[in-house]
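**Q** Submitted below is the structure of interest, expressed as structure tokens.
In the numbering used here, the protein residues as written are 3 to 548.
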């Protein structure tokens with residue numbers, strides 16, 4: 003029987019293979035191929051967040067860089083500080099969780115929620131490497147890779163009905179690669195205003211959860227479901243380009259402020275001014291400026307021998323902080339010889355103005371802005387003017403009450419999207435940040451020269467430097483956008499000391515087309531200098547529409 007069974011098995015196997023090959027050959031030869039349907043192609047802009055995360059599970063390599071630096075010293079620092087960090091982080095978690103737990107007490111028959119134990123364990127996280135990016139912005143960008151295989155002792159006690167349920171978190175493992183940006187950099191300690199954190203990879207979180215002594219994560223299907231849920235929830239909030247923004251400094255305390263609007267000033271007239279000349283008249287003119295502004299003061303024309311002059315002259319001043327800046331008005335008597343005599347002065351806080359609303363002022367001139375000065379009681383005349391504050395379009399919504407606390411933001415580039423915005427007046431800002439590898443034949447005392455529409459402006463001179471840093475901003479008020487214009491920038495060197503022959507020489511120049519600045523609202527690039535071997539210059543240009 004054994005031999006017969008073996009023989010029949012081998013015989014059946016051979017017959018089965020032969021029949022299978024014949025049937026397969028028949029279907030291969032005589033079957034008709036089906037038409038392949040074309041795949042549905044949709045642009046990325048039509049996909050939602052979940053769809054993008056499915057087709058793009060990882061950030062592309064061109065976004066990341068594999069060059070990381072070792073930070074053993076930082077790991078030693080964290081290791082030594084870990085006992086203190088454990089207690090501090092535990093206290094922070096308790097204080098944050100208490101109001102959340104209080105919302106659930108009384109619901110679902112829950113009588114109490116509390117941490118029975120809360121300790122992160124004795125094993126600190128390890129920073130496997132860190133990479134620092136160099137950008138053109140005022141920011142410091144770093145990307146650490148952190149791993150933590152901890153032994154925490156976290157026990158949550160839930161009083162449900164008459165039962166006390168203990169939920170314990172065990173075997174916690176976390177792998178995360180955040181991108182941390184400290185921006186913008188400012189000359190006020192700690193030298194940055196915000197910490198912006200985003201994730202370059204979906205985090206890996208692994209843990210066990212014990213209830214009544216058993217690990218519920220061992221239930222089939224539950225572990226994978228929890229893993230995917232955590233990844234999706236965290237990625238939807240902080241996966242690049244979305245980010246968590248943590249404010250560090252109040253924006254009002256930051257020394258560097260950007261323009262937010264234009265103040266239109268119409269100096270109408272002055273009445274009953276003081277007589278400063280021997281013939282009983284004065285030659286008045288008005289100087290006006292904003293506090294915190296380094297630009298030269300604006301001046302009206304001089305009205306000769308007139309105690310009730312009428313100017314009706316209009317000026318535009320760039321506003322950086324309408325809540326704190328003040329318009330300074332000073333009326334002087336012009337003299338050919340000697341110092342000008344001040345007839346009086348007055349101040350107008352910009353916080354008295356409402357956006358887009360013209361407001362008329364008739365102000366009594368004072369000798370001093372100190373109200374306790376007895377000489378202010380003397381009549382010095384009055385000045386009449388009209389003021390209108392016009393914020394830039396992208397800053398119109400910033401003059402409401404600011405929000406406090408943490409915020410989640412989505413990175414992006416502000417652009418002038420509407421075609422009608424390309425036809426209005428605006429402010430062209432040119433920030434000359436610095437240069438590198440600029441070298442002259444006879445001397446190296448570089449300064450930058452900016453030329454636009456016949457108006458020439460220059461930075462301060464840096465002595466004996468091939469890597470000058472200027473950080474100087476120049477502003478041009480324009481009635482129409484410079485879509486088809488260029489700005490000329492040249493780096494020059496000037497001989498110091500006694501002027502001699504060939505005291506100036508050019509270290510390089512370039513022309514920048516302003517169309518990109520108008521369409522994008524801002525450009526920030528490093529440019530190679532023409533007629534320079536290795537010289538480069540860092541220029542930031544902004545266009546703000548009013």
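For each residue, glycine too, the CB sits at the ideal point set by N, CA and C.
Given the structure is predicted, the values throughout are model-derived calculations rather than measurements.
Mapping the DSSP letters down to three states, classify residue 341 as helix, strand or coil.
**A** Residue 341: coil per DSSP, three-state reduction.
**Q** Using the Cα positions of residue 547 and residue 395, report the straight-line distance between them to the nearest angstrom.
**A** Cα-Cα distance, rounded: 6 Å.
**Q** Is it a yes or a no for the segment 288 to 302 touching the segment 241 to 255, going by three-plus beta-carbon pairs under 8 Å?
**A** Not touching, per the Cβ criterion.
**Q** Please classify residue 349: is it buried, with 16 or more other beta-carbons within 10 angstroms of its beta-carbon, or exposed?
**A** Exposed, because fewer than 16 other Cβ atoms sit within 10 Å of the Cβ of residue 349.
**Q** Using DSSP with H/G/I as helix, E/B as strand and the rest coil, what is residue 495?
**A** It is a strand residue.
**Q** Residue 491 and residue 440 - do their beta-carbons sit closer together than 7 Å?
**A** Not a contact, by the Cβ cut-off of 7 Å.
**Q** Which term fits residue 181, buried or exposed, when burial requires 16 or more other beta carbons within 10 angstroms of its beta carbon?
**A** Answer is buried; the Cβ neighbour count reaches 16.
**Q** Look at residue 341 and residue 311 and say whether their C-beta atoms are less than 7 Å apart.
**A** No.
**Q** For residue 102, does the count of other Cβ atoms within 10 angstroms reach 16, so buried, or fall short, so exposed?
**A** So residue 102 counts as exposed.
**Q** Our contact map puts residue 111 next to residue 158 with C-beta atoms below 8 Å; I'd like the distance itself, whole angstroms only.
**A** The pair is not a contact, with the Cβ atoms about 17 Å apart (cut-off 8 Å).
**Q** Which same chain residues, not among the five before or five after residue 446, have their C-beta less than 7 Å away from its C-beta?
**A** So the list reads 466, 467, 468, 495, once near-sequence residues are dropped.
**Q** Pick helix, strand or coil for residue 440, following the three-state DSSP scheme.
**A** Of the three classes helix, strand and coil, the one that applies to residue 440 here is coil, per DSSP.
**Q** Cβ atoms of residue 345 and residue 335: under 7 Å apart, would you say?
**A** For residue 335 and residue 345, yes; Cβs fall inside 7 Å.
**Q** Please report the distance separating the alpha-carbon of residue 542 from that of residue 509.
**A** Rounded to the nearest angstrom, the two C-alpha atoms are 20 Å apart.
**Q** Note down, in chain order, each residue of its chain lying with its Cβ closer than 6 Å to the Cβ of residue 205, except the 5 sequence neighbours on either side.
**A** Only 178, 236 meet the Cβ criterion.
**Q** Check whether the segment 205 to 216 touches the segment 170 to 177, taking contact to mean three or more Cβ pairs, one atom from each stretch, closer than 8 Å.
**A** The segment 205 to 216 is in contact with the segment 170 to 177.
**Q** Please report how far the alpha carbon of residue 190 lies from the alpha carbon of residue 220, in whole angstroms.
**A** When rounded, the distance between both Cα atoms is 52 Å.
**Q** With distances taken Cα to Cα, identify the nearest neighbour of residue 506 among 232, 308, 444, 283.
**A** The residue with the shortest Cα to Cα distance from residue 506 is 444.
**Q** Just grab the DSSP bridge partners of residue 166 for me.
**A** Looking at the DSSP assignment, residue 166 forms a beta bridge with 161.
**Q** How far does the beta strand (DSSP E) with residue 330 in it extend, from its first residue to its last?
**A** Element bounds for residue 330: 328 to 335.
**Q** How big is the Cα-Cα spacing for residue 218 and residue 228?
**A** Answer to the nearest angstrom: the Cα atoms are 11 Å apart.
**Q** Measuring only from the beta carbon, is residue 240 closer than 6 Å to any heavy atom that is part of the ligand NAP?
**A** Ligands are entirely absent from the displayed structure, and the ligand NAP is therefore not among its contents.
**Q** Express the C-alpha separation of residue 333 and residue 386 in angstroms, rounding to a whole number.
**A** Each residue's Cα considered, the two are about 12 Å apart.
**Q** From 201, 265, 544, 523, pick the residue whose C-alpha is nearest to that of residue 143; which is it?
**A** Of the candidates 201, 265, 544, 523, the one whose C-alpha sits nearest the C-alpha of residue 143 is 201.
**Q** Given a threshold of 16 other Cβ atoms within 10 Å of its Cβ, counted over all protein chains shown, does residue 563 qualify as buried or as exposed?
**A** Absent from the structure is residue 563, since the part of the chain shown begins at 3 and ends at 548.
**Q** Could you tell me if residue 435 is buried or exposed, where buried requires 16 or more neighbouring beta carbons within 10 angstroms of its beta carbon?
**A** When all chains shown are included, residue 435 counts as buried.
**Q** With respect to the alpha helix (DSSP H) encompassing residue 88, which residues constitute its N-terminal and C-terminal limits?
**A** Note, residue 88: alpha helix (DSSP H), 74 to 106.
**Q** Assuming residue 480 contacts residue 428 under a Cβ cut-off of 8 Å, what Cβ separation, rounded to an integer in Å, is found between them?
**A** So it is a contact: roughly 6 Å between Cβ atoms.
**Q** Counting only the same chain and skipping the five closest in sequence on each side, list residues whose C-beta sits under 6 Å from that of residue 140.
**A** 186, 187, listed in sequence order.
**Q** Starting from the Cα of residue 454, find the closest Cα among 85, 431, 538 and give me that residue.
**A** Checked all of 85, 431, 538; the closest Cα to residue 454 is 431.
**Q** Do residue 433 and residue 475 count as a contact pair if the criterion is CB distance below 7 Å?
**A** The answer is yes: Cβ separation under 7 Å.
**Q** Report, in whole angstroms, the separation of the C-beta atoms of residue 199 and residue 275, which I expect to be a contact under 8 Å.
**A** Not a contact, Cβ separation roughly 60 Å.
**Q** Nearest to residue 126 by alpha carbon, out of 437, 315, 83, 545?
**A** Residue 126 has its Cα closest to that of 83, out of 437, 315, 83, 545.
**Q** Where DSSP assigns a beta bridge to residue 510, which residues make up the other side?
**A** The partner list for residue 510 (beta bridge, DSSP) reads 493.
**Q** Should residue 549 and residue 544 be called a contact, given that it needs their Cβ atoms to be closer than 7 Å?
**A** Residue numbering for the chain in the displayed model covers 3 to 548; residue 549 lies beyond these limits and cannot be assessed.
**Q** Taking all protein chains shown into account, decide if residue 321 is buried (16 or more other Cβ within 10 angstroms of its Cβ) or exposed.
**A** Residue 321 should be labelled buried.
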